[in-house]
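K.L.:
Sharing a structure below in structure tokens format, with a few things to ask.
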Amino acid sequence: MPISVAFVDDHPILLDGMVALCSGRSDLDIVARGASAVEALRITEKLRPDVIVLDLCVPGDTMGAVQLITRKYQNTRVIVLATASEMDVATRALGFGVSGFVQKGGTARDLYDAIRAVHAGQTFITPGFAPKIALSAKVVETRRRAPTGTQLSAREEQIVRHLLKGSTNREIARGLDISEKTVKHYMTVLMQKLEVRNRVEVVLAAQKLKFLAEPLSWGQFN
């Protein structure tokens, strides 16, 4: 069954472009499009799409819409579109349970991969966003909550370092010569061990541990 997707953006050219890019995919079903936070809520309430792609700068209370959708309609995964200058807002969205971050002006492949990933229960971040999210002042609370006495195994450390690069499960599996199923198992263990909810928070919490205690530079994400 195709993944039902809704797009919300107040820039007609960008909105038309996203719809056009995804319309040719047999595994995606574009069910709605909107241009405001209110329309995002109406679409979600009426159609319950599998995934909604939402520009953080649409008119209205976008953060309120994100919070309500992730809390009330948990079967709908939220992907937010943001620019590098909007990272503080994007990181706030993370705290509300957003499943994906895609950079405006990114590739069609990024958008498609994000939709597929979040529908599968994963968290997707455009690779270039990983360092900006990790270094944002808004993640301090996440790091503060991380359990300080936790020890990671050598394999778990390898997984986290791949996450820092923005690698997908498939890329991690290929890089470590293990199966995707094994990667998913380690992700579950890491989230339980670090008491976090998703891939981004795994990285943030891991930074509090000794093996990632040193300040991260931009190069470590490249």
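Per the numbering used here, residue 62 is the first one in the sequence shown, and the count goes up by one each step.
Glycine included, C-beta positions come from ideal geometry on N, C-alpha and C.
Predicted, not measured: the structure shown is a model, and the values here were computed from it.
Can we say the segment 106 to 115 touches the segment 129 to 145, given the rule of at least three CB pairs closer than 8 Å?
P.N.:
They touch, by the three-pair rule.
K.L.:
Mark Ile104 as exposed unless 16 or more other C-beta atoms lie within 10 angstroms of its C-beta, in which case mark it buried.
P.N.:
To locate residue 104, count along the sequence shown from 1; it is residue 43. It is buried - the Cβ of Ile104 has at least 16 other Cβ atoms within 10 Å.
K.L.:
Based on DSSP bridge pairs, tell me the residues matched to Asp122.
P.N.:
On the sequence shown, position 61 is the one that residue 122 refers to. Note: Asp122 sits in no beta bridge, so no partner.
K.L.:
I think Thr229 touches Ala178, with their Cβ atoms under 8 Å apart; what is that distance to the nearest whole Å?
P.N.:
Here the question's residue 229 lines up with position 168 in the sequence shown. Here the question's residue 178 lines up with position 117 in the sequence shown. 7 Å between Cβ atoms; contact.
K.L.:
For Ser65, which of helix, strand or coil comes out of DSSP?
P.N.:
If you number the sequence shown from 1, residue 65 lands on position 4. Three-state DSSP puts Ser65 in a strand.
K.L.:
For Asp171, which residues in the same chain have their Cβ closer than 8 Å to its Cβ, ignoring the five residues on either side in sequence?
P.N.:
Your numbering for residue 171 matches position 110 in the sequence shown. The residues are Val163, Gln164, Thr187.
K.L.:
Opposite Ala143 in the DSSP bridges: which residues?
P.N.:
On the sequence shown, residue 143 is found 82 positions in, with the first residue counted as 1. According to DSSP, which records beta bridges pairwise, Ala143 is partnered with Gln164.
K.L.:
What's the gap between the Cα of Ala175 and the Cα of Val66?
P.N.:
Stepping through the sequence shown from its first residue, residue 175 is reached at position 114. Stepping through the sequence shown from its first residue, residue 66 is reached at position 5. Roughly 12 Å separates the two Cα atoms.
K.L.:
Consult DSSP for Leu213 and reduce its assignment to one of helix, strand or coil.
P.N.:
Sequence index remark: in the sequence shown, residue 213 carries index 152 (1-based). It is coil, neither helix nor strand.
K.L.:
What would DSSP say about Leu76, mapped onto helix, strand or coil?
P.N.:
Against the sequence shown, residue 76 aligns to sequence position 15. If DSSP states are grouped into helix, strand and coil, Leu76 belongs with the helices.
K.L.:
In angstroms, rounded to a whole number, what distance separates the CA positions of Ala169 and Met79?
P.N.:
Residue mapping note: residue 169 aligns to position 108 of the sequence shown, counting from 1. Residue mapping note: residue 79 aligns to position 18 of the sequence shown, counting from 1. Rounded to the nearest angstrom, the two C-alpha atoms are 8 Å apart.
K.L.:
Ordered along the chain, which non-local residues of its own chain (more than five positions away) have a Cβ less than 7 Å from that of Val261?
P.N.:
Mapped onto the sequence shown, residue 261 falls at position 200. Leu155, Thr184, Ile186, Ile194.
K.L.:
Buried or exposed: Ile233, going by 16 or more other Cβ atoms within 10 Å of its Cβ?
P.N.:
Taking the first residue of the sequence shown as 1, we reach residue 233 at position 172. By the neighbour-count rule (16 or more Cβ atoms within 10 Å), Ile233 is buried.
K.L.:
Using the C-alpha atoms, what's the distance from Leu142 back to Lys199?
P.N.:
Along the sequence shown, one-based indexing puts residue 199 at 138. Along the sequence shown, one-based indexing puts residue 142 at 81. Per-residue confidence for Lys199 stands at a pLDDT of 44, beneath the threshold of 50, marking its modelled position as unreliable; no derived number is given.
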